[in-house]
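Q: First residue of the sequence shown? That's 1220 in this note's numbering, and the numbers climb one at a time after it. For glycine and all other residues, C-beta sits at the position ideal for the given N, C-alpha and C. Being a predicted model, the structure only gives us computed values, none of them experimental. Okay, handing you the structure first.
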Amino acid sequence: MQIRVLNESDIKKVMDMKAAIEATKNALKAYSSGGADIPLRTNLDVAEHNGQSLYMYGYVPSQSALGVKIVSVYPDNIAKNLTSVPATMVTLDSETGQVNSLMDGTYLTRLRTGAISGAATDELSNPDSKIFALFGTGGQAETQLEAVLNVRDIKEVRVFDISKDRAEDFAKRMKEKFEANFDFEIMAVGSTDQAIDNADIITAVTTAKDPVFDGTKVKKGCHINGVGSYTPEMSEIPEYIVSNAEKIYVDTFDGAVSESGDFIKPIKKGIFDADKDITGELGQKLLGEIAGRENPDEITFFETTGSAVLDLVVGQKILEAAKKQNIGQIIEM
């Protein structure tokens, strides 16, 4: 049995952001049409090492995508000079059940998480959007920026972080990284109001437990991506937006409603009804089952908490491209 091993560098050689965005669209359509078997993830506590091991697995027949992403959360790894959230994607041949690849799950997660925001922005934001506000400069922020740059002709990016130094460093690095392919200016801003002033697109990718901007100051027609809130305690999107956006979309309905504090907190307060107020899954919009933006003044909001269906489909496309280009290390079992 041959297993192809793909590190971050290998993945970048075979999968660019545009291809990843298309792969996430395919994944969402498969999920929303009932064409994906995605069980609830399995969580195992490893108490003696203050760790947790998570298994996100499933099967998407239309994409020949079968596999499992193994994610560990070990906070004490930092003291050992190791990443605190290591991840590995394992794919299997859907015809034989044999493992056929191992790939860097940490970068895969960043890639598909950026790509799904790119897909939502492509489908829901106004086509003439020019100003992008990005909240957060952590490990997920770079692909969030890259995805939006790929789907809209952004001219101005404003970055806000609780650390101005981090925001300035991020802006400098991203300008150097992307200026050859995109014509834009990027700047760190000192206030949240400055970040969202007249912004056409807003993405929040933080670990905040309280809203990171004033929803009442968001302009008409803005599209908002909520990326960072994946636990009930986390909520970075203002309740005003959740309650007043004309249209609200999610990656997976059950996941978003049960995991994201952006929804859980207003539901508990009785100011939000998920069944009535969520327009639907983005996959349903892609399938033509529900409407998207219907006029340029609508505020649209997309919430993602992530799903194994994204890892499976994007991972399978990476593997197919790597095979075609003969990228990666082959090991025999």
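Could you pull out every residue in the same chain whose Cβ sits closer than 7 Å to the Cβ of glutamine 1548, ignoring the five residues on either side in sequence?
A: Val1224
Q: If you drop the 5 nearest sequence neighbours on each side, which residues of the same chain put their C-beta closer than 7 Å to that of tyrosine 1326?
A: Glu1227, Ile1230
Q: Taking threonine 1307 and glycine 1286 to be in contact with their CB atoms under 8 Å, please state how far apart those CB atoms are, rounded to whole angstroms.
A: The Cβ separation is near 10 Å, so there is no contact.
Q: Please state whether DSSP places asparagine 1262 in a helix, a strand or coil.
A: strand
Q: Cutting at 8 Å between CB atoms, please list the residues of its own chain near methionine 1552, excluding the five before and the five after it.
A: Met1220, Gln1221, Ile1222, Val1318
Q: Glutamate 1217 to aspartate 1433, Cα distance in whole Å?
A: What is shown of the chain runs 1220 to 1552, which leaves residue 1217 out entirely.
Q: Could you tell me which of Leu1364, Ser1477, Pro1346 sits nearest to threonine 1356, measuring between CA atoms?
A: Checking every option, the nearest Cα to that of threonine 1356 belongs to Leu1364.
Q: Which value, in whole angstroms, describes the spacing of the CA atoms of proline 1451 and glutamate 1314?
A: 38 Å
Q: In this structure, does DSSP put methionine 1236 in helix, strand or coil?
A: helix
Q: Taking its Cβ as the centre, do 16 or more other Cβ atoms sit within 10 Å of leucine 1371, making it buried, or is it exposed?
A: Going by the sequence as given, residue 1371 is arginine instead of leucine. Around the beta-carbon of arginine 1371, 16 or more other beta-carbon atoms lie within 10 Å, marking it buried.
Q: Let me know the secondary structure DSSP gives aspartate 1530 once reduced to three states.
A: Residue state, collapsed to three classes: helix.
Q: Quick check: the Cα distance between lysine 1466 and alanine 1427, rounded to an integer number of angstroms?
A: 23 Å
Q: Alpha carbon to alpha carbon, what distance is there between glutamate 1458 and alanine 1352?
A: 18 Å
Q: Could you tell me the alpha carbon to alpha carbon distance between glutamate 1404 and lysine 1374, rounded to whole angstroms?
A: For glutamate 1404 and lysine 1374, the distance between alpha carbons rounds to 6 Å.
Q: In whole angstroms, what separates the C-alpha of alanine 1338 from that of glutamate 1478?
A: 21 Å
Q: When the Cα of asparagine 1269 is compared with those of Ala1246, Leu1330, Pro1294, Ile1289, which residue comes out closest?
A: Pro1294
Q: Identify whether valine 1318 lies in helix, strand or coil by the three-state DSSP scheme.
A: Here valine 1318 sits in strand by DSSP.
Q: Could you check which residue in Lys1536, Ala1284, Gly1333 has the C-alpha nearest to that of glutamate 1522?
A: Gly1333
Q: Give the C-beta separation of glutamate 1379 and alanine 1414 to the nearest angstrom, bearing in mind that I take them to be a contact with Cβ-Cβ under 8 Å.
A: First, the residue type needs correcting, since residue 1379 is phenylalanine and not glutamate in the sequence shown. About 4 Å separates the two Cβ atoms, so the contact holds.
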